[in-house]
Each structure stands twice: as structure tokens, then as C-alpha cells.
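So in UniProt numbering, spot 300 of the sequence shown is number 300, and the numbers just go up one at a time.
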Amino acid sequence: MSPVFNFSAGPAVLPKEVLLEVQNELLDWHGTGMSVMEMSHRGKEFMQIAAEAEEDLRNLMGIPKNYHILFLQGGASTQFAMVPMNLLRGRSSIDFINSGHWSKLAIKEARKYASTNVVASGEESGYANIPPEDTWKRDPEAAYLHYTSNETIGGLEFPYVPNSGDVPLVCDMSSNFLSRPIDVSRFGCIYGGAQKNIGPAGLTIVIIRDDLLGQTVPGTPTMFDYRIHADGDSMYNTPPTFAVYVAGLVFKWLQRQGGLKAIEQRNIEKAALLYETIDTSSGFYICPVDRPFRSRMNVPFRLADESLDEAFVKAAQARNLLQLKGHRAMGGMRASIYNAMPLEGVKALCAFMQDFSKDHR
Ligand SMILES: *Cc1c(COP(=O)(O)O)cnc(C)c1O
Numbered sequence: 001m002s003p004v005f006n007f008s009a010g011p012a013v014l015p016k017e018v019l020l021e022v023q024n025e026l027l028d029w030h031g032t033g034m035s036v037m038e039m040s041h042r043g044k045e046f047m048q049i050a051a052e053a054e055e056d057l058r059n060l061m062g063i064p065k066n067y068h069i070l071f072l073q074g075g076a077s078t079q080f081a082m083v084p085m086n087l088l089r090g091r092s093s094i095d096f097i098n099s100g101h102w103s104k105l106a107i108k109e110a111r112k113y114a115s116t117n118v119v120a121s122g123e124e125s126g127y128a129n130i131p132p133e134d135t136w137k138r139d140p141e142a143a144y145l146h147y148t149s150n151e152t153i154g155g156l157e158f159p160y161v162p163n164s165g166d167v168p169l170v171c172d173m174s175s176n177f178l179s180r181p182i183d184v185s186r187f188g189c190i191y192g193g194a195q196k197n198i199g200p201a202g203l204t205i206v207i208i209r210d211d212l213l214g215q216t217v218p219g220t221p222t223m224f225d226y227r228i229h230a231d232g233d234s235m236y237n238t239p240p241t242f243a244v245y246v247a248g249l250v251f252k253w254l255q256r257q258g259g260l261k262a263i264e265q266r267n268i269e270k271a272a273l274l275y276e277t278i279d280t281s282s283g284f285y286i287c288p289v290d291r292p293f294r295s296r297m298n299v300p301f302r303l304a305d306e307s308l309d310e311a312f313v314k315a316a317q318a319r320n321l322l323q324l325k326g327h328r329a330m331g332g333m334r335a336s337i338y339n340a341m342p343l344e345g346v347k348a349l350c351a352f353m354q355d356f357s358k359d360h361r
């Protein structure tokens, strides 16, 4: 049987080595006779697991000392509300870049707390690109500037970190977290759900600069206050223990791959192969995103003849290439090729796409 390759957008593929480690330790973690799932989050075993995960993430991303790493729950969707509740800090307006589906949802939620100012939008281009930075109308009084570094559905990824001036920069990094090195010191806050590029669903990671803590809007629930979680080392209440453990194993796996620089090189290579297959198909496959903004993580494409969509998905499945159907809001296809997708998986997909186009011209 040919190997299975899973192109799901999330929850998504995990490194096989990590899953094998989890399997090995599932019933007995390091001779304790307990599964991590069964451990008290306040016991020394789990405290060690959590502390190591945090330290490994700090090292991988080069997160400076004046930033807290929070292991929370609720998904990135909860952050759409938590960020304004914590970062409004008495201001009345928030700057946003609208790059598609997820930024629009972040804007919609923020409107409950403040006025929102869209400084740049991809809408006019059909989310094929973002207008150049020198045309943005940023507000120097804004509470922060929010953007989505990778639009998981639309496949638009920022090739640069926006300049936010003196205003804190906030990023929803859910679907390209840990896919490339970034300068964390440019950000006030970074957040993301783990289930795209890190680990199992249920864990949400927030990286927040110290000086932004402790100024929540009145009425903020305790569980929504970053400072509560920062002061409690993400143990104010029960954290998603098993998901933190698996994410920790993924951090160690990334270190063994050579860190974020090395993983970025592999991601560049994988994405280049797939986009080349699309671009050299003589119009059989079409990618809607302009080249500089094409995502390395989520590759959306359409078949010029949409009546072949179902046959494409079926034939791919028969070759063990799974979950290629596009998001219901977009139609077409989408191949998510996160860190854990091996190069062989992308090669198998490209070979299949070439065969399918030959058979259906
Ligand atoms: C998946 C995703 C979300 C929503 O995440 P949940 O964990 O389902 O709340 C938000 N933003 C981006 C960029 C995503 O990819």
C-alpha cells in the first residue's frame, strides 16, 4: 500500500516520529506508570513537561525575556475577543488589515469593544494581494494593529512583517506559527491555535509582551485576563495537559530538524514544487493568489473545469492523498503542507496532479 498523506487544513498532520513517541509513552510516561492524560497538572511530572515545552518554544522562536508564553484553550476564535479586552488599554479604535476570512472574523468580534479601522484590504483584488504598505492609513492613536499572517482558507500569506510604528503589532499566526523564523520583538502579541502547525486541537498559544498586561476592560472575565494566566504560569486553572505535552514533543522534533531556519527551507522547497505544478499545467489548475503573497502552508487551487472536482478528490483519495477538498467558503481544492508534511507527500501530490490533468484534457 502506498503511504497516506494528509493535506487537512486543521486539525492536521503531525510528525510520524512524534506520534510514535506518544504511542510508546501513552500508558507509562517515563516509568511513572501513568499516562500524561492521567497526571495532575500540579504534579512535578506535568510541571516539568510544561516548563520544558515553554523553554523549548522560547528557544525555537528566540522569544525575549520580556514576553510571556501562555498555554490557553478556546482556540484562536476566543482570542478575537480576548485581544481587544486586554489590549484596548483605554483607547477607542483598533487598526486592522483585512486579508480574508479570518481577519474579517477578528474584525467583527473586535467591533463589540471598539471602533475598527481597516488600514488595508485585499478585498478589491479578491484577496490575491495586499496593497503596498506606503498606501496604508494607520492611526497613530490606535490601540494596536492586527493582522493575520497566513489566511488558512484563502491561501494569502504575508511575505513580510508589517510596520506598525509605535502602535503594538498583534498577529493571528494560527496557520504559519513556527513555519519560519520571525523577530518576536516586533510584536506586542502573537496568538494561534495549535491544531494547524503545532499539535492537537485544544491548545491555544499566546505570546504577550509584559508591559501590555493588566489593563483589561471593565467586566473582563477572570479567565479572559492574560495577566491571570501569566501570573499563574498558565496553571490558573487546568491547562489542556495532553495537548501541551504533544506540542512539547513537536518543539523537540523541530529542534532535531535544525530549528526554524531549516524548516523554512523545507517549506520553501515544498511550496515551490506545488506552485510550479499548478503554474505549468497550461491552465488546468489555477491558483487565485498573486505570487508574492502565496502561502507556503495552505495552497488553494481550482480546476479550470469545475465539473471535474469530484473526480479529482476521488482519484486523489484512491492514491491515499487525503483531505484535498477546499473550504466550503472557497470551493475548489486546498493542499495544506504544514511543517509535518514530508517532501515525499508533496511530490506524490504533484505527480498525481500531473497524471490527472493528462487523463482529463
Ligand atoms: C483555524 C484558524 C482560526 C480559528 O481557530 P479555532 O481554533 O478554530 O478557533 C483563526 N485564525 C486562523 C488564521 C486560523 O487558521
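Glycine included, C-beta positions come from ideal geometry on N, C-alpha and C. Just so you know, these numbers come straight off a predicted model, no measurement behind them.
Three-state secondary structure (DSSP) of residue i
i           : result
residue 449 : Only positions 1 to 361 of the chain appear in this structure, which leaves residue 449 out of reach.
Y285        : strand
S121        : strand
H68         : strand
S77         : helix
T222        : helix
E141        : coil
F177        : coil
T135        : helix
L88         : coil
K314        : helix
Y245        : helix
M235        : coil
V250        : helix
H41         : coil
V161        : coil
D309        : helix
I130        : coil
E199        : With the sequence shown as reference, residue 199 is identified as Gly, and Glu is not the correct amino acid for it. Looking at G199 - three-state DSSP - the assignment turns out to be coil, as it is neither helix nor strand.
G31         : helix
L26         : coil
Straight-line Cα distance separating residue j from residue i
i    : j    : result
A329 : V217 : 34 Å
G155 : K252 : 28 Å
T277 : M353 : 8 Å
V161 : I94  : 18 Å
Y245 : G202 : 12 Å
Q265 : A243 : 27 Å
A272 : K347 : 11 Å
I260 : F158 : According to the sequence provided, residue 260 is Leu. The question's Ile does not apply to it. Distance between the alpha carbons of L260 and F158 is about 17 Å.
P3   : L19  : 16 Å
V83  : V250 : 26 Å
S103 : T148 : 6 Å
Q195 : E17  : 17 Å
V170 : A106 : 11 Å
G214 : G90  : 12 Å
T135 : N66  : 32 Å
S174 : E21  : 24 Å
M223 : E109 : 18 Å
Q257 : N197 : 15 Å
N117 : P140 : 12 Å
G283 : F356 : 13 Å
I190 : Q79  : 10 Å
D166 : F96  : 15 Å
A351 : E310 : 18 Å
V36  : H360 : 50 Å
G188 : D210 : 9 Å
Opening and closing residue of the beta strand (DSSP E) in which residue i lies
i    : result
F96  : 93 to 98
V206 : 204 to 209
P240 : Segment: none, P240 is in no beta strand (DSSP E) and carries neither H nor E.
V299 : 298 to 303
Y191 : 189 to 193
Residues sharing a beta bridge with residue i, DSSP
i    : result
T148 : D172
L322 : N6
E17  : Answer is none; E17 lacks a bridge partner.
L156 : R294
S115 : S93
Endpoints, alpha helix (DSSP H) assigned at residue i
i    : result
M333 : Per DSSP, M333 belongs to no alpha helix (DSSP H); it is in the beta strand (DSSP E), 333 to 336.
I268 : 259 to 279
V217 : Looking at the DSSP string, V217 is not in any alpha helix (DSSP H), and its letter there is neither H nor E.
S103 : 101 to 110
A51  : 44 to 61
8 Å contact criterion, which residue i and residue j should meet: CB distance rounded
i    : j    : result
F5   : G345 : 4 Å
L324 : M333 : 5 Å
L212 : L303 : Contact doesn't hold; Cβ gap of about 46 Å is too wide.
N176 : M341 : The Cβ separation is near 13 Å, so there is no contact.
V184 : I207 : 7 Å
Q255 : D56  : 7 Å
K270 : I337 : 5 Å
Closer than 6 Å between the C-beta and any heavy atom of ligand 3: which residues qualify, listed along the chain? Annotation note on ligand 3: not contained in the displayed structure, which lists ligand 1 as its ligands.
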